[in-house]
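Residue numbers for the sequence shown follow the working numbering, so the first one is 44 and each next one is one higher. The C-beta atom is built at its ideal place from N, Cα and C for all residues, glycine as well. The model shown is predicted, which means the values in this text are computed figures rather than measured ones.
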Amino acid sequence: MGPVTGVLALQGAFAAHAAALARCGTDARDVRTPRDLAAVDALVLPGGESTTICKLLDLSGLRGALEARIAEGMPVLGTCAGLIVLSSSVLDGRPDQFCLGALDVTVRRNGFGRQRDSFETDLAVPGSADPMRAVFIRAPRIVRCGGSVEVVASLDGEPVLVRQGSALGATFHPELSGDDRIHRLFLGFLAEV
Ligand code: GLN
């Protein structure tokens with residue numbers, strides 16, 4: 044059997060990620076407990092509400108287990124709220140919110156404000172003539188990137204897709220547009236570890 048991919052299924056848009064991974068030929072497993080996490084080789088952290096995801100990571104006992112796997116280099120993909128949880132610092136977060144530090148970025152929750160809090164746009168993708176439709180829903184903004192962070196895609200000069208080692212983070216929802224290039228990029232990390 045090949046590597047097994049999991050989707051953190053505590054809260055938020057996890058089913059759409061499982062569907063995107065299935066389109067890439069990978070059966071993803073829902074991850075809700077430390078035991079589930081131990082059975083996967085890579086993990087997607089979906090969008091939703093980062094404060095709730097943090098609370099549920101604590102309650103489920105997954106927080107410590109996930110920190111340990113990230114430290115070992117397990118591939119992780121965080122989208123929107125999932126990126127917030129993977130970041131190293133959160134602005135406009137709740138005081139009890141934590142972040143896992145897989146990506147050395149500072150994010151501002153709901154950084155696009157009320158006027159533009161949800162929108163869709165075409166993103167240029169490096170190495171491809173086809174732009175990618177990107178859905179932003181009360182998205183965070185990446186306001187600082189550390190030196191080890193690679194900006195993979197930007198919107199109006201601001202990073203919206205970033206990579207550090209085997210961690211990938213998008214401020215938008217790649218699972219909602221039917222374009223699976225980001226999931227394929229992520230699955231490629233499994234061949235590297
Ligand atoms: N605004 C949400 C948060 O702070 C993220 C929104 C999303 O994941 N679509 O967690």
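Check	Outcome
Pull the bridge partners of ILE180 from the DSSP assignment, please.	SER161
Let me make sure I understand the geometry here. Which of ASP84, ALA167, CYS188 has the alpha-carbon closest to that of ALA111?	ASP84
What does the alpha-carbon distance come out to for the pair THR94 and THR149?	16 Å
Sort out for me which residues DSSP pairs LEU86 with in a bridge.	GLY49, VAL119
Using the Cα positions of ALA196 and VAL205, report the straight-line distance between them to the nearest angstrom.	7 Å
Could you say which of ALA210, ASN153, ARG176, ASP147 lies nearest to ALA182 if we only look at CA atoms?	ASN153
Leaving out five residues before and five after THR164 in sequence, what residues of the same chain have Cβ atoms less than 7 Å from its Cβ?	ALA177, LEU198
Let me check understanding here. Comparing Cα to Cα, which of VAL74, SER131, PRO46 lies closest to PHE57?	VAL74
Considering only heavy atoms of ligand 1, does any lie closer than 6 Å to the CB of CYS123?	yes
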